[in-house]
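Residue numbers (the working numbering): 5 to 132. Just below is one structure, and these are the notes that go with it.
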């Protein structure tokens, strides 16, 4: 006998998007502390910024935000690519960050103790 049960409630999608939106909101105002609220304390990131690999601890992102300030013109689209009861992947399409660059990010999230947090960010910066 098969079971036809919806495993992931729609609210979980909303909660995942809200977690990633904290990241975007922090970028918009240039607050590394606000950005950090979206990430697990042990999160990592990897990608190329201005052709140079930037990888390792998520503190690299916080340093970037602190150094470059706000991004009041930032535009983003957040798409949940996949979700399970405890994991999710979100694509962030981004235009006009603090240095005027455009990106595609992929954020992997984990739900722990009822809260969604980004545990890994990989990204591609487009030439502008």
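Even glycine gets a Cβ: it sits at the ideal position worked out from N, Cα and C. Only a predicted model underlies this, so the values are computations on that prediction, with no experimental measurement involved.
Classified as exposed, residue 79 has fewer than 16 neighbouring CB atoms from the shown chains inside 10 Å of its CB.
Here residue 79 is bridged, per DSSP, to 99.
In this structure, DSSP gives residue 93 an extended state, which the three-state scheme calls strand. Rounded to whole angstroms, residue 54 and residue 41 show a C-alpha spacing of 26 Å.
Residue 103 is not a Cβ neighbour of residue 47, given a cutoff of 7 Å. Non-local beta-carbon contacts of residue 29 in its own chain, meaning distances under 8 Å to residues more than five positions away in sequence, involve 38 in chain order.
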